[in-house]
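As numbered in the working numbering, residues 101 to 181 make up the sequence shown, in order. Input: a single structure, listed below in structure tokens.
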Amino acid sequence: MARVVVDVMLKPEILDPQGQAVQRALPRLGFEGISDVRQGKRFELEVEGPVDEAALARIREMAETFLANTVIEDFDVKVES
Numbered sequence: 101m102a103r104v105v106v107d108v109m110l111k112p113e114i115l116d117p118q119g120q121a122v123q124r125a126l127p128r129l130g131f132e133g134i135s136d137v138r139q140g141k142r143f144e145l146e147v148e149g150p151v152d153e154a155a156l157a158r159i160r161e162m163a164e165t166f167l168a169n170t171v172i173e174d175f176d177v178k179v180e181s
């Protein structure tokens, strides 16, 4: 079985209030030097069988139609060893 990871992030031009809240909290917790925080989602998919181009195309379709809101989010699909 192979693992495919889909990372979903807000597009750069979209305001990220959760990331901003984390960024503001970090100095109060003693973590200095962080200039920006963006929060996203990570999906780890265990795939039965080989992860060939057809399987990756199906996973990209899944990400585009179900896992990500492509109006405001970008996604990246990668195979982990």
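Glycine included, C-beta positions come from ideal geometry on N, C-alpha and C.
Remark: C-beta atoms of arginine 142 and valine 179 do not approach each other more closely than 9 Å. Contact between aspartate 136 and glutamine 123 holds: their C-beta atoms lie close to 7 Å from each other, under 8 Å. Sequence-distant Cβ neighbours of isoleucine 159 in its own chain, meaning closer than 6 Å and more than five residues away, are Val104 and Val177. DSSP links lysine 141 through a beta bridge to Val108.
A straight line joining the alpha-carbon of methionine 162 with that of glutamate 132 spans about 38 Å.
Residues of the same chain with a CB within less than 7 Å of the CB of glutamate 173, apart from the 5 flanking positions on each side, are Val108, Met109, Leu110 and Lys111 in chain order.
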